[in-house]
Every structure is written in structure tokens, then in C-alpha cells.
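J.:
Residue numbers (this note's numbering): 82 to 301.
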């Protein structure tokens, strides 16, 4: 009986260990697949955005500089599982500045606040927030003929990060929702995999605006 019990225990332990390894591998595969989708999706959208600006020599240098920073981060620095939130904020700032250069007229009001960060070394998953910012411009500002606006903020206190993106909504009903698309769906999936029970995502649509509010609990 002792031998049988030992055999059963060992087999059960090995089965559980194998299942755990398979689940870990499956999660890694899913994350790698999502990352493979996010990188070209973001990069090609950015390249398309600056295509019409290459002939404007005064701003071309600034655009190329900002784009090179974005590419460097996307291709190299974001390969780790976690990066300091301060570095993620620098990446978001570069992206927003690129949009400010693009929308240099008075039609678009762009504002952001990244000043209230208690600890810039707090680890966060890289490229987790950019889809919300990108969508605010793509489906909000870029889809609007008249005046438009975008407000972005990130605050960190204790073990909580609060990230908010709010943008004006196009008057036309033909434009699809700013909460749709592969980028947002990938981000939702990554949140579920990497921050299970440690995040709250609220997306609110009104008659004239979209608002995304994401809370991350960074404690282990």
C-alpha cells in the first residue's frame, strides 16, 4: 500500500508539475503572439501618420528624432517583462510630442500630466498603455474635421497607478468606436494575463467624448 500510495503521489505531482509548465508555456506563447501583433501595428500606424510630413523640412528633423526614439524603445527596450514606469512615461511623452508636432495648428488641444508619480522606478509591463493613447488620436482627433482635444494623465501613489485618456468624439456616426480595434483587444488580453485581479479598466462613451480609466495595482 505504501508503494502504491507513493506511486500515486509521484504521478499526481508530476502531472500537476507538467500542467503548470504547459500553462506557463501557453501564457508565454500568447504574450509573444500579442507582442508580435502590437509592434508592427504601432510602428506602421506611426509611419503612416508622418508620411504626409516628410516634405516639411523644418519639422522633419524633429519628427525623425522622435520616431527614432519610439522605434528604439519598441524594438529593444520593451523586450523585458517589466520596465520602470518612468521609462514608459518617457515613451508616451515622445509619442504625444510627435502628435503635437503633427497637429501644430490651433485646431487640436493636446494636454498631458505625468508630474504626479511617486516612484518612477515602479515596474510596469512595457507598451501596455500606448494603445489607449494611439486610439484617442486615431479615432478621435484624426477622425474629426473641426476642433478636437485629448487629455492624458498618469498618477502613481503607493502601490497604485491611475492612467486616464479622454478625447473628443467625432460628430459623424460613421467612425467606429475608439474602444475598438486590435490594439485595445490585445491590451485587454495582456491585462488579463499579466495583471489578473490587479487591474480595473473602465471605458466610458458619452455623446461627445470617450474616456478610458485604468487602475493598476503594482504590489506583488
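Cβ coordinates follow ideal geometry from the N, Cα and C atoms, glycine included.
Nearest to residue 151 by alpha carbon, out of 167, 163, 173?
T.: By 1-based counting over the chain shown, the position of residue 151 is 70. When only C-alpha atoms are compared, the closest one is 173.
J.: What is the C-beta distance between residue 280 and residue 241, in whole angstroms, given that I count them as a contact (C-beta under 8 Å)?
T.: By one-based count along the chain shown, residue 280 stands at place 199. By one-based count along the chain shown, residue 241 stands at place 160. With a Cβ gap of about 10 Å, residue 280 and residue 241 do not count as contacting.
J.: Which residues in the same chain have their Cβ closer than 7 Å to the Cβ of residue 289, if we skip the five residues on either side of it in sequence?
T.: What you label residue 289 is simply residue 208 of the chain shown in a count that begins at 1. Around residue 289: 249, 250.
J.: Can you name, in chain order, every residue of its own chain whose Cβ lies under 8 Å from the Cβ of residue 269, other than the five neighbours on each side?
T.: Counted from its first residue, the chain shown places residue 269 at position 188. Once the five neighbours on either side are set aside, the close Cβ partners of residue 269 are 282.
J.: Could you tell me whether the segment 194-214 touches the segment 163-172, where touching means 3 or more Cβ pairs closer than 8 Å?
T.: Judged by Cβ distances under 8 Å, the segment 194-214 makes contact with the segment 163-172, as three or more pairs qualify.
J.: Using C-beta distances below 7 Å, list every residue in its chain close to residue 231, excluding the 5 sequence neighbours before and after it, in chain order.
T.: Working through the chain shown from its first residue, we reach residue 231 at position 150. Excluding residues within five positions, the ones whose Cβ falls inside 7 Å are 191, 217, 218, 221, 222, 248.
J.: Quick check: what's the CA-CA separation for residue 153 versus residue 214?
T.: As a working mapping, residue 153 is identified with position 72 in the chain shown. As a working mapping, residue 214 is identified with position 133 in the chain shown. One C-alpha to the other measures close to 19 Å.
J.: Does DSSP classify residue 155 as helix, strand or coil?
T.: Translated into the one-based positions of the chain shown, residue 155 becomes position 74. Looking at residue 155 - three-state DSSP - the assignment turns out to be helix.
J.: Give me the Cα-Cα distance between residue 292 and residue 157, rounded to the nearest whole angstrom.
T.: As a position in the chain shown, residue 292 is number 211, starting the count at 1. As a position in the chain shown, residue 157 is number 76, starting the count at 1. Roughly 30 Å separates the two Cα atoms.
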